[in-house]
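To keep things clear, I will list the structure first and then write my remarks on it.
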Amino acid sequence: SEKLDPKRDFAADIIMNSDLDDTAYLYSFGEYISEDELKMSAFLSGLPEDSIKAMARTYTEGYRIGFVKAGKPLEKKLTVNIRYHLGFERMIREAVRQFDEMGLKPVIYRAPVFASTTNQNGREDTGYSGAVANRQYEYDHRDDRALFFDREYIRRRLDILKAVYEENKTLANGHAGPAVVETFGADPFTPKPSEYAISFSESGRKLVVSYKDKAGRLANEYIIGKERSFTIISYPMPEIGKDFEEIFKETVKLNTLDYKRYEMIQQKLIDTLDKAQRVHVLGKNGNETDLTVELYKLSDPGKETIFENCVADVNIPVGEVFTTPRLKGTNGLLHVKEVYLNGLKYIDLRLTFKDGVIETYSCGNFEDPAENSRFIRENLLYHHDTLPLGEFAIGTNTTAYRMSRDHDIGGKLPVLIGEKTGPHFAVGDTCYAREEEVRVYNPDGKEIVARSNDYSDRRESDPDKAYFYCHTDITIPYDELMGIYALGKDGESTALIEDGLFVLEGTGELNEPLLRS
Numbered sequence: 000s001e002k003l004d005p006k007r008d009f010a011a012d013i014i015m016n017s018d019l020d021d022t023a024y025l026y027s028f029g030e031y032i033s034e035d036e037l038k039m040s041a042f043l044s045g046l047p048e049d050s051i052k053a054m055a056r057t058y059t060e061g062y063r064i065g066f067v068k069a070g071k072p073l074e075k076k077l078t079v080n081i082r083y084h085l086g087f088e089r090m091i092r093e094a095v096r097q098f099d100e101m102g103l104k105p106v107i108y109r110a111p112v113f114a115s116t117t118n119q120n121g122r123e124d125t126g127y128s129g130a131v132a133n134r135q136y137e138y139d140h141r142d143d144r145a146l147f148f149d150r151e152y153i154r155r156r157l158d159i160l161k162a163v164y165e166e167n168k169t170l171a172n173g174h175a176g177p178a179v180v181e182t183f184g185a186d187p188f189t190p191k192p193s194e195y196a197i198s199f200s201e202s203g204r205k206l207v208v209s210y211k212d213k214a215g216r217l218a219n220e221y222i223i224g225k226e227r228s229f230t231i232i233s234y235p236m237p238e239i240g241k242d243f244e245e246i247f248k249e250t251v252k253l254n255t256l257d258y259k260r261y262e263m264i265q266q267k268l269i270d271t272l273d274k275a276q277r278v279h280v281l282g283k284n285g286n287e288t289d290l291t292v293e294l295y296k297l298s299d300p301g302k303e304t305i306f307e308n309c310v311a312d313v314n315i316p317v318g319e320v321f322t323t324p325r326l327k328g329t330n331g332l333l334h335v336k337e338v339y340l341n342g343l344k345y346i347d348l349r350l351t352f353k354d355g356v357i358e359t360y361s362c363g364n365f366e367d368p369a370e371n372s373r374f375i376r377e378n379l380l381y382h383h384d385t386l387p388l389g390e391f392a393i394g395t396n397t398t399a400y401r402m403s404r405d406h407d408i409g410g411k412l413p414v415l416i417g418e419k420t421g422p423h424f425a426v427g428d429t430c431y432a433r434e435e436e437v438r439v440y441n442p443d444g445k446e447i448v449a450r451s452n453d454y455s456d457r458r459e460s461d462p463d464k465a466y467f468y469c470h471t472d473i474t475i476p477y478d479e480l481m482g483i484y485a486l487g488k489d490g491e492s493t494a495l496i497e498d499g500l501f502v503l504e505g506t507g508e509l510n511e512p513l514l515r516s
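Numbered per our numbering, the sequence shown spans residues 0 to 516.
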């Protein structure tokens, strides 16, 4: 019940009542504390109070606005789950006060550290967490639960989970969802395979997928999916390098960009995309992407839209338009020369799609092709035989792209920022998974109707096959982009981006950071 009950306030008590000017308080959390957490805490301690309040306000307002835009009942909610990396306590303390003004009490717990609660990539950071002492160790032990993860264990775990939810039904119903502060700056990690690492058998992997599905549905039943929301914001850690303070200031600016300006520019893209039947994406500079994405067909263009105009509420910073692709007719190659997904580096990643699902996959991380396939299956497909293309988006935050190039930190950016720096493609569930019935609207009043695909359409008839419980964004940077073209039903082609620059009328302002020397 610690994930639901604000009275389990071990962490909240440290945050609200410690002397945050003395970094010794960090050791009270029971986590591994490195120089990075100490430096982060000291850095925030030196910032003016107004700066801290503004950072917290961006975070908490993003959360509140997410409920407002989606028409969800924040006033019915009791608690907010705060997830963050240690070192940010001064900001979190202020955020707790601001959430309290909204009627929300904080639920802050330690991220799981035991084998039964870790995921395929190692530790599951769904609470507060400190530094990772040894990333290779965590990678090697990511599947330790295979030692005991059998049908009886799953049955018992689900029984207990249901009993706890039932016992805490009021708290579960009042849970508003997570407010997440992500961090970035660590050197990219490329794991080395170990023959001694425990791994799941094929039947064991199927059990993991089955458990995730059942546990996810159970959580959705008690923490009502259509009523909850979230927000995510990111900040750099000192380990990003000598430019830390400058990068931090630029990130704060990124997180507070004028969303109205982006909203208007992005609407230009959406107006053109709504008239298209499909989108063609081509790479350049060694990027061999040649992918056609089929779009949802509107029945009432005056009242409906295909793409969501995403500014800065649940996903901070601002900057993307996204949709759920139609699977049939979505074909071709998605290729990235180098990309970092969930903290892992992929070299020469290639995904071939046929009718919207991954048909073949490969990468160049290891000499052995079989090891490459295993790496992708475990860490990108999450043991599924295949995954659908759950999202297609065009990132518009060229300011973030400029920052990444100026400081050479492209490989260190979190997905939250990286996905805004070019077109991206998510494999797995759609952005509207388990909330397809919730009607959502763009600022222009049009309903976003592309909320489901052939898999999530099964949510009533065959729920076991409706969701994959994963969603991984893969971004193509602007400098590897030959073009994005909106294709009409009669074959007409309208360029949105050509040679890495926005060319659609009304979007040229986005090129200013790209052209800056």
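Idealized CB from N, CA, C, for every residue including glycine.
Can you tell me which of the three DSSP states residue i falls into?
i: Lys283; result: coil
i: Phe424; result: strand
i: Asp478; result: helix
i: Pro237; result: helix
i: Glu245; result: helix
i: Asp405; result: helix
i: Asn378; result: helix
i: Gly507; result: helix
i: Ile346; result: strand
i: Val320; result: strand
i: Ala449; result: coil
i: Arg144; result: helix
i: Thr329; result: strand
i: Asn254; result: coil
i: Glu358; result: strand
i: Gln119; result: Model confidence at Gln119 stands at a pLDDT of 47, short of 50, so the residue's coordinates are unreliable; what they give is reported in the following sentence. It is coil, neither helix nor strand.
i: Leu79; result: Note that residue 79 is Val in the sequence shown here, rather than Leu. Val79: strand per DSSP, three-state reduction.
Give me, in chain order, the residues of the same chain whose beta-carbon lies closer than 6 Å to that of residue i; leave out the 5 immediate sequence neighbours on both sides.
i: Leu350; result: Leu333, Ile357 and Tyr360
i: Thr474; result: Gly417, Glu418, Gly421 and His423
i: Thr534; result: Nothing about residue 534 can be read from this structure; the chain reaches only from 0 to 516.
i: Cys532; result: Residue 532 is absent from the model: the chain starts at 0 and stops at 516.
i: Phe306; result: Ile269, Leu272, Val320 and Thr322
Mind checking residue i: buried by the 16 CB within 10 Å criterion, or exposed?
i: Leu514; result: exposed
i: Tyr466; result: buried
i: Asp312; result: buried
i: Glu324; result: Residue identity differs from the one stated: residue 324 is Pro in this sequence, not Glu. Classification for Pro324: buried.
i: Arg204; result: buried
i: Ala425; result: buried
i: Ser492; result: exposed
i: Asp394; result: First, the residue type needs correcting, since residue 394 is Gly and not Asp in the sequence shown. The residue is buried, with at least 16 neighbouring Cβ atoms inside 10 Å.
i: Glu93; result: buried
i: Leu281; result: buried
i: Ala10; result: buried
i: Lys76; result: buried
i: Lys327; result: exposed
Alpha carbon to alpha carbon, what distance is there between residue j and residue i?
i: Ala485; j: Asp270; result: 11 Å
i: Asn167; j: Lys259; result: 41 Å
i: Ala69; j: Tyr440; result: 8 Å
i: Gly482; j: Glu497; result: 4 Å
i: Asn452; j: Gly389; result: 8 Å
i: Val67; j: Leu73; result: 8 Å
i: Gln135; j: Asp12; result: 33 Å
i: Glu1; j: Asp20; result: 28 Å
i: Tyr31; j: Ser403; result: 29 Å
i: Tyr400; j: Gly427; result: 25 Å
i: Thr117; j: Asp8; result: Here the model assigns Thr117 a pLDDT of 49, short of 50, so the residue's position is not dependable, and the following value carries that caveat. Distance between the alpha carbons of Thr117 and Asp8: 23 Å.
i: Leu85; j: Met236; result: 10 Å
i: Lys6; j: Glu504; result: 54 Å
i: Lys353; j: Ile375; result: 18 Å
i: Gly173; j: Leu217; result: 16 Å
i: Thr22; j: Lys104; result: 25 Å
i: Ile408; j: Pro177; result: 27 Å
i: Tyr381; j: Lys488; result: 36 Å
i: Ser455; j: Glu434; result: 10 Å
i: Met15; j: Arg154; result: 39 Å
i: Gln119; j: Gly490; result: With a pLDDT of 47 at Gln119, under the threshold of 50, the modelled position of this residue cannot be trusted, and the question is left open.
i: Ile239; j: Asp299; result: 48 Å
i: Leu272; j: Gly363; result: 34 Å
Leaving out five residues on either side along the sequence, give the residues of the same chain with a beta carbon under 7 Å from the beta carbon of residue i.
i: Val414; result: Asp472
i: His406; result: Asp242 and Ile246
i: Val317; result: Leu256, Tyr258, Tyr261, Val310, Ala311 and Asn396
i: Leu412; result: Phe183 and Ser403
Using 7 Å as the limit for Cβ to Cβ distance, is residue i near chain C?
i: Thr397; result: You won't find chain C in this structure, because it holds only one protein chain.
Completely contained beta strand (DSSP E) runs for the region 156-218, where each covers 3 or more residues:
Within the region 156-218, the complete beta strand (DSSP E) runs of at least 3 residues are 174-183.
If you scan the region 266-311 from start to end, which runs of the beta strand (DSSP E) of 3 or more residues do you find wholly inside it?
Runs found: 277-282, 289-293 and 307-309.
Quick one: complete alpha helix (DSSP H) runs, 4+ long, within the region 46-71?
Whole alpha helix (DSSP H) segments, 4+ residues: 48-69.
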